[in-house]
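Novice: First residue of the sequence shown? That's 4 in this note's numbering, and the numbers climb one at a time after it.
Cβ coordinates follow ideal geometry from the N, Cα and C atoms, glycine included.
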Amino acid sequence: MNQKGTYDVIVIGAGFAGLYSVHLLREHGFTVRALDRADGVGGTWYWNRYPGARCDVQSIEYSFSFNKEIQEEWEWTELMPAQPEIEAYLNFVADRLDLRRDIQLSTTVTSLSFDDAGSEWTVDTDGGDQFKARWVIAATGCLSEPLDPAIPGVDSFSGPTLYTSRFPREGFDFTGLKVGVIGTGSSAVQSIPIIAEQAEHLNVFQRSAAYSRPADNRPLRPGELEEVKADYESLRLRQRAAYAGLVSFGAVSFEGVTPPTRRILETPVEERLAALEELGWSAPGAWADVMFDLEANQAGTELYAELVRRQIRDPEVAEALIPHYPMGCKRQILDTGYFETFNRDNVTLVDLRSDPLVGITSGSVRTQNREFDIDVLVLATGFDAMTGALNKMEITGPGGRTLKDVWEEQGPVSYLGLAVAGFPNLFTITGPGSPSVLTNMVVSIEQHVEWIVDCLDHMRDSGYQRIDAEPGAQEAWVDHAAGLVAGTVRNSDACNSWYLGANVPGKRRIHMPYVGGLPAYRKKCDQVAADSYEGFALA
Ligand code: NA7
4 MNQKGTYDVI
14 VIGAGFAGLY
24 SVHLLREHGF
34 TVRALDRADG
44 VGGTWYWNRY
54 PGARCDVQSI
64 EYSFSFNKEI
74 QEEWEWTELM
84 PAQPEIEAYL
94 NFVADRLDLR
104 RDIQLSTTVT
114 SLSFDDAGSE
124 WTVDTDGGDQ
134 FKARWVIAAT
144 GCLSEPLDPA
154 IPGVDSFSGP
164 TLYTSRFPRE
174 GFDFTGLKVG
184 VIGTGSSAVQ
194 SIPIIAEQAE
204 HLNVFQRSAA
214 YSRPADNRPL
224 RPGELEEVKA
234 DYESLRLRQR
244 AAYAGLVSFG
254 AVSFEGVTPP
264 TRRILETPVE
274 ERLAALEELG
284 WSAPGAWADV
294 MFDLEANQAG
304 TELYAELVRR
314 QIRDPEVAEA
324 LIPHYPMGCK
334 RQILDTGYFE
344 TFNRDNVTLV
354 DLRSDPLVGI
364 TSGSVRTQNR
374 EFDIDVLVLA
384 TGFDAMTGAL
394 NKMEITGPGG
404 RTLKDVWEEQ
414 GPVSYLGLAV
424 AGFPNLFTIT
434 GPGSPSVLTN
444 MVVSIEQHVE
454 WIVDCLDHMR
464 DSGYQRIDAE
474 PGAQEAWVDH
484 AAGLVAGTVR
494 NSDACNSWYL
504 GANVPGKRRI
514 HMPYVGGLPA
524 YRKKCDQVAA
534 DSYEGFALA
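And the structure:
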């Protein structure tokens, strides 16, 4: 074991959250070391480099607001940024702020243990390095721990097996190959059109059809970025005041749009269909009742089905591409040419609902009724979201219990998504119980990093060595968050989203992201800080 010294703070992760944490902590005079398992910075945007990987938030919004020079200097080229551009942006930020000297790459944190007497964490890594720190900030990402799809025989496949979430850095040429893609979440939906263009044949293995709509991405027009930069602060203020920390989703602006008041169940069917002509892909969700009533939701889904049918030549394929679960329960996907891909002669949709996946052999994917020869397997099978990366590390609190044990027993509980009772001086950025993945992540990350650094300032100035969430405050927050989502479509029994942990066998079913919106959440965090960190015990 190599003793690598003592820091005020160890930051785990060097994506958006880790980079900003290192910068702000240094500005506030704390000593800090960030550790990341990747050999480059970028976090989620380092790993998810599959073909077509792109953000669904506009580049002008999906960027740091804390540094005016960076905001001024960086030139986005597209409305919605592709992975290489976001990764390049984060490398630019790391260089511009000289962050690399405080970041140790290719280092995986294996365990954290809290020393009760000294009130400090010991941090162990895979390479045998050991660090000590009073505080730890887990900037470990919400979608960073790939889920093992546990498909029988997956290890026996003799060709390349590519996870979208661990795609080779040098890319992969599918030309002339028979490809099988398993999964139809956003990683698959973004990569399928590009793989289809290269492959000899592509089989898409779909368990649940996706709710997707065209992204309408495009290059930024000459002068468009300059116009935003001329008054960037106004956009930033509007973002912060918005429910999800953004004023548009994809190419669709929310500004000036009033929430729908018309109820689909009170609208005659022919008028519902007329909405398709007027609103296109926005029509299925443009009703007051679709997110709160399953029957209304079903009516919305029927409108969505009609839009899908219009894209697909083969009626049987079209029916298979229509989701069978409530709209809005999983994340809306934005695509570029997804549905059109299923009109290609070299693409086959394999509907696993009617013909379940049985397993994988050395050269094929087998379903109950058929066998598909393949040369390359692409697994777009998702993540152990929000808690996976934290559970992967053995985090032991002062009482000897691990965070994994606590979450297994109680579900992924947290006070404000910032800290878990029983794990003092450990902060989680965009943890379960915070708005996180339902918002523009960059806005949520900035809010969390700033709140945490203010808290550390307060502790240092007041001579506190220890902060721990109080179990009662945590329970009240968990109850409040659960109350807001109860009765909505998101939480219905018919919904099996990763928001609920439903994609991970055995995971306790709790809607992890907070649905109350970012402005209300920020107000709560500010109030907690103003009231001497109400709900936290300081010692
Ligand atoms: P997702 O959205 O979790 O999608 C994973 C997909 O893989 C989904 O279609 C799953 O079907 C499917 N899946 C997972 N395991 C299996 C097995 N064993 N057999 C067949 N199909 C399987 O992950 P993504 O990476 O696409 O996107 C994650 C987030 O990144 C996304 O929400 C955006 O926020 C950005 P299921 O739906 O579980 O039936």
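With which residues is Asp-118 paired in a DSSP beta bridge?
Specialist: Position 115 of the sequence shown holds residue 118. DSSP lists Glu-123 as partners of Asp-118.
Novice: Would you report the Cα separation of Ser-114 and Ile-13, rounded to the nearest angstrom?
Specialist: Indexing the sequence shown from 1 puts residue 114 at position 111. Indexing the sequence shown from 1 puts residue 13 at position 10. Answer to the nearest angstrom: the Cα atoms are 13 Å apart.
Novice: Any idea what DSSP makes of Gly-303, helix, strand or coil?
Specialist: Taking the sequence shown and counting its residues from 1, one reaches residue 303 at position 300. Helix at Gly-303.
Novice: Reducing DSSP to helix, strand and coil, say where Gln-530 ends up.
Specialist: Numbered from its first residue, the sequence shown carries residue 530 at position 527. In this structure, Gln-530 counts as helix in the three-state DSSP scheme.
Novice: Per DSSP, what are the beta-bridge partners of Phe-208 in this structure?
Specialist: Your numbering for residue 208 matches position 205 in the sequence shown. Answer by DSSP bridge pairing, in chain order: Ile-185 and Val-353.
Novice: At 4 residues or longer, what runs of the alpha helix (DSSP H) sit wholly inside the region 337 to 386?
Specialist: Correct list: 341 to 344.
Novice: Distance, Cα to Cα, Glu-343 vs Ser-189?
Specialist: Counted from its first residue, the sequence shown places residue 343 at position 340. Counted from its first residue, the sequence shown places residue 189 at position 186. Between Glu-343 and Ser-189, the C-alpha separation is close to 16 Å.
Novice: Can you tell me the Cα-Cα spacing of Asp-408 and Arg-334, whole angstroms?
Specialist: The sequence position of residue 408 within the sequence shown is 405, counting from 1. The sequence position of residue 334 within the sequence shown is 331, counting from 1. The straight-line gap from Cα to Cα measures roughly 29 Å.
Novice: Roughly how many angstroms lie between the CA atoms of Glu-88 and Leu-223, to the nearest whole one?
Specialist: Counted from its first residue, the sequence shown places residue 88 at position 85. Counted from its first residue, the sequence shown places residue 223 at position 220. Distance between the alpha carbons of Glu-88 and Leu-223: 13 Å.
Novice: Okay, do the region 177 to 185 and the region 467 to 474 touch, 3+ Cβ pairs below 8 Å being the bar?
Specialist: Flag = no, the region 177 to 185 and the region 467 to 474 do not touch.
Novice: Leaving out five residues before and five after Ala-247 in sequence, what residues of the same chain have Cβ atoms less than 8 Å from its Cβ?
Specialist: Against the sequence shown, residue 247 aligns to sequence position 244. Answer for Ala-247: Pro-438, Leu-441, Thr-442, Asn-443, Gly-520 and Leu-521, listed in chain order.
Novice: Which partner residues does Leu-38 have in the DSSP bridge list?
Specialist: Looking up residue 38 in the sequence shown gives position 35. According to DSSP, Leu-38 bridges with Ile-15 and Gln-107.
Novice: In the DSSP assignment, find the alpha helix (DSSP H) that holds Ser-543 and state where it starts and stops.
Specialist: Residue 543 cannot be examined here, being either before or after the span of the chain that is shown, 4 to 542.
Novice: Below 8 Å, is the gap between the Cβ of Ser-211 and the nearest heavy atom of ligand 1?
Specialist: Residue numbering aside, residue 211 sits at position 208 when the sequence shown is read from its first letter. The answer is yes for Ser-211.
Novice: Since Ala-289 contacts Gly-253 with CB under 8 Å, what's their CB separation in whole angstroms?
Specialist: Numbered from 1 along the sequence shown, position 286 holds the residue referred to as residue 289. Numbered from 1 along the sequence shown, position 250 holds the residue referred to as residue 253. Actually they do not touch by this definition, with Cβ atoms about 15 Å apart.
Novice: Report yes or no: do the region 381 to 396 and the region 139 to 154 share at least 3 C-beta pairs separated by less than 8 Å?
Specialist: In short, these stretches touch, since the Cβ pair count reaches three.
Novice: Can you name the residues that DSSP bridges to Val-255?
Specialist: Residue mapping note: residue 255 aligns to position 252 of the sequence shown, counting from 1. Val-255 pairs with Phe-252.
Novice: Beta carbon of Gly-5: closer than 8 Å to some heavy atom of ligand 1?
Specialist: Within the sequence shown, the letter at position 2 stands for residue 5. Contrary to the premise, residue 5 reads as Asn rather than Gly in this sequence. It does not: the Cβ of Asn-5 is nowhere closer than 8 Å to a heavy atom of ligand 1.
Novice: Quick check: does the Cβ of Val-381 come within less than 8 Å of any heavy atom belonging to ligand 1?
Specialist: What you label residue 381 is simply residue 378 of the sequence shown in a count that begins at 1. Val-381 Cβ: outside cutoff for every heavy atom of ligand 1.
Novice: Quick one, are the C-beta atoms of Gly-1 and Asn-5 less than 9 Å apart?
Specialist: Any question about residue 1 goes unanswered here, given that the chain covers just 4 to 542.
Novice: Below 8 Å CB to CB, which residues in the same chain sit around Pro-318 once its five sequence neighbours on both sides are set aside?
Specialist: Along the sequence shown, one-based indexing puts residue 318 at 315. Correct list, in chain order: Arg-312.
Novice: Looking only at its chain, what residues have a beta carbon closer than 8 Å to the beta carbon of Pro-508, apart from the 5 residues adjacent to it on each side?
Specialist: Along the sequence shown, read from residue 1 onward, the residue named residue 508 stands at position 505. Around Pro-508: Ala-153.
Novice: Measuring CA to CA, which of Arg-210, Val-231 and Pro-54 is closest to Asp-358?
Specialist: Locating residue 358 in the sequence shown gives position 355, counting from the first residue. Considering only alpha carbons, the answer is Arg-210.
Novice: Please report the residue range of the beta strand (DSSP E) in which Lys-135 lies.
Specialist: Sequence index remark: in the sequence shown, residue 135 carries index 132 (1-based). Residues 132 to 141.
Novice: Could you tell me whether the Cβ atoms of Ala-17 and Val-44 are closer together than 9 Å?
Specialist: As a first step, residue 17 is located in the sequence shown; it is residue number 14 there, counting from the start. As a first step, residue 44 is located in the sequence shown; it is residue number 41 there, counting from the start. Yes.
Novice: Measuring CB to CB, does Gly-55 end up less than 9 Å from Ser-194?
Specialist: Residue mapping note: residue 55 aligns to position 52 of the sequence shown, counting from 1. Residue mapping note: residue 194 aligns to position 191 of the sequence shown, counting from 1. Closer than 9 Å, so yes.
Novice: By alpha-carbon positions, which one of Tyr-418, Val-423 and Leu-419 ends up nearest to Arg-404?
Specialist: If you number the sequence shown from 1, residue 404 lands on position 401. That would be Val-423, whose Cα lies nearest to the Cα of Arg-404.
Novice: Is the number of C-beta pairs between the region 279 to 298 and the region 228 to 247 that are closer than 8 Å three or more?
Specialist: In short, these stretches do not touch, since the Cβ pair count stays below three.
Novice: Put Pro-474 into one of helix, strand or coil per three-state DSSP.
Specialist: Counting from 1 along the sequence shown, the entry for residue 474 is found at position 471. DSSP places Pro-474 in helix when its eight states are reduced to three.
Novice: How many whole angstroms separate the CB atoms of Ala-540 and Glu-473, which I take to be in contact at a CB cut-off of 8 Å?
Specialist: For this step, residue 540 is matched to residue 537 along the sequence shown. For this step, residue 473 is matched to residue 470 along the sequence shown. So it is a contact: roughly 6 Å between Cβ atoms.
Novice: In this structure, how does DSSP classify Tyr-418 when only helix, strand and coil are distinguished?
Specialist: Mapped onto the sequence shown, residue 418 falls at position 415. Tyr-418 falls in the strand class under three-state DSSP.
Novice: Grouping DSSP H, G and I as helix and E and B as strand, with all else coil, what is Ser-437?
Specialist: Taking the sequence shown and counting its residues from 1, the one referred to as residue 437 is at position 434. Ser-437: coil per DSSP, three-state reduction.
Novice: What are the residues that DSSP puts in a beta bridge with Val-112?
Specialist: One-based indexing of the sequence shown puts residue 112 at position 109. Note: Val-112 sits in a beta bridge opposite Thr-128.
Novice: Can you tell which of Thr-370, Ile-455 and Gly-504 has its C-alpha closest to the C-alpha of Arg-525?
Specialist: Residue numbering aside, residue 525 sits at position 522 when the sequence shown is read from its first letter. Of the candidates Thr-370, Ile-455 and Gly-504, the one whose C-alpha sits nearest the C-alpha of Arg-525 is Ile-455.
Novice: Tell me where the beta strand (DSSP E) around Tyr-166 begins and ends.
Specialist: Indexing the sequence shown from 1 puts residue 166 at position 163. Here the beta strand (DSSP E) through Tyr-166 covers 164 to 166.
Novice: Say the cut is 8 Å; is the CB of Arg-469 nearer than that to a heavy atom of ligand 1?
Specialist: Along the sequence shown, read from residue 1 onward, the residue named residue 469 stands at position 466. False, no ligand heavy atom lies under 8 Å from that Cβ.
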